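Chemist:
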Amino acid sequence: MKKSKRLLPVRQLNQQAEREEARKLAHLQQELQAAQQQRRELESYLADYFQTIQQQQSKVTQAAQLGLYQSFISRLQLAIRRQGELVHQRQAAVKAQTKRWVEANARLKTMDQLIEKARQQEQLEESKREQKLLDDRPFRGGGGF
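Take 332 as the starting number for the sequence shown in our numbering and just add one per residue.
Structure, rendered in structure tokens:
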């Protein structure tokens with residue numbers, strides 16, 4: 332069996348690994364986008380809440396009500412910080428997975444180059460074999476002139 336054919340199963344394994352790394356990367360990118368969207372929504376909600384409080388500032392007369400507003404704002408700010416931390420974790424995961432995918436992709440490309448080189452070598456050897464047969468033909472007696 333030719334070397335290029337023997338390398339095909341290895342290439343298929345590399346291709347499967349590369350596709351799996353790409354799938355994982357896509358999944359992590361979706362998680363990152365969802366986390367970023369959630370953070371934006373929380374930030375928007377906080378801004379809207381501040382605006383509502385400012386509009387109702389003259390109506391707030393009780394300290395207890397003001398304390399509830401402050402407590403809710405604190406919890407919302409904490410949620411935004413935690414969501415920001417989650418975004419950073421997701422970004423790190425995407426970066427690490429991107430590196431793994433790039434490495435898997437490089438292995439696949441290297442395997443493709445190796446197979447192509449083997450095919451070229453096989454073609455060269457086949458051409459030499461054919462040329463030798465053609466060169467030897469007149470000397471084998473008989474046929475010819």
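We treat Cβ as the ideally placed atom computed from N, Cα and C, and that holds for glycine. Predicted model, so just to flag it, every value in this text is computed and none were measured.
To the nearest angstrom, report how far apart Glu-416 and Ala-366 are at their CA atoms.
Modeler: Roughly 10 Å separates the two Cα atoms.
Chemist: I believe Ile-411 touches Glu-374 by the beta-carbon criterion, under 8 Å. Please report the beta-carbon distance rounded to the nearest angstrom.
Modeler: Going by Cβ atoms, the distance from Ile-411 to Glu-374 rounds to 6 Å, so yes, they are a contact pair.
Chemist: With Lys-333 and Glu-453 assumed to form a contact (beta carbons below 8 Å), what rounded beta-carbon distance in angstroms separates them?
Modeler: Between Glu-453 and Lys-333 the Cβ distance is about 5 Å, and since that is below 8 Å, they are a contact.
Chemist: Does DSSP put Lys-390 in a helix, a strand or coil?
Modeler: Coil.
Chemist: Taking DSSP as the reference, what is the three-state secondary structure of Met-442?
Modeler: Helix.
Chemist: By Cβ distance, which residues of its chain are closer than 7 Å to Val-341, with the 5 residues on each side in sequence left out?
Modeler: Only Met-442 meet the Cβ criterion.
Chemist: Can you list, in chain order, the residues of its chain whose CB lies under 7 Å from that of Ala-424, leaving out five sequence neighbours each side?
Modeler: Once the five neighbours on either side are set aside, the close Cβ partners of Ala-424 are Leu-359.
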